[in-house]
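J.: Sequential numbering of the sequence shown, starting at 16, is according to my numbering. Built from N, CA and C at the ideal position, the CB exists for glycine as well. Model, not experiment: these values are computed from the prediction.
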Amino acid sequence: MPPWIGESLQYVPILVFRQNEFEGIIPFQLCQLKLLRILDMSENHLFGSIPPCIIDAMAPAEYDLYDPFNAYRQSMMFLHGKVQQWERESWLPPGINNADVDTLSYLDLSSNELNGTIP
């Protein structure tokens, strides 16, 4: 993955790099993405560990390398395992109000060769 992504795209809220044949480690430059809320780098050839700064930058959120929304599965509307479209009133899980929706984040690193713990 080219390191310029973190340097040139600092204010991008959504990055989808699914199936791009990226190889190597997750670059620390992604930590510079100040507004990043959705990051999908699944189905690439990434290895190594997840930089802690990425998780810190995207917090608060529920993380799972395979299914990021596993904890909310029973109370959310899903299409192909991911929230595709929603109306706030139709998919909010119990205990989450509209004010909290803007802080939810999504991280999909599935189908890679990452190791280590989730920071």
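Leaving out five residues on either side along the sequence, give the residues of the same chain with a beta carbon under 6 Å from the beta carbon of F43.
T.: The residues are P66.
J.: Can you give me the start and stop residues for the beta strand (DSSP E) that G131 sits inside?
T.: Taken as a continuous stretch (DSSP letters only), G131 belongs to no beta strand (DSSP E), as it is neither H nor E.
J.: Nearest to S23 by alpha carbon, out of I53, Q47, V31 and D55?
T.: That would be Q47, whose Cα lies nearest to the Cα of S23.
J.: Exposed or buried, G63, counting other C-beta atoms within 10 Å across all chains shown (16 or more means buried)?
T.: Exposed: under 16 other Cβ atoms inside 10 Å.
J.: Can you tell me which residues form a DSSP beta bridge with V31?
T.: Answer is D55, bridged to V31.
J.: Applying the 10 Å Cβ sphere with the 16-neighbour rule, what's the burial state of G21?
T.: So G21 counts as buried.
J.: Could you tell me the alpha carbon to alpha carbon distance between F37 and L50, rounded to whole angstroms?
T.: Whole-angstrom Cα-Cα distance: 22 Å.
J.: Strictly by DSSP, which residues pair up with E38?
T.: According to DSSP, which records beta bridges pairwise, E38 is partnered with H60.
J.: Taking the CB atoms as reference points, tell me whether N8 and L61 lie closer together than 8 Å.
T.: Here the chain comprises residues numbered 16 to 134, so residue 8 is not present and cannot be evaluated.
J.: Reducing DSSP to helix, strand and coil, say where I69 ends up.
T.: Reduced to three states, the DSSP call for I69 is helix.
J.: Who are the Cβ neighbours of Y26 in its own chain at under 6 Å, not counting the five residues just before and after it?
T.: Excluding sequence neighbours, Y26 sits near L50.
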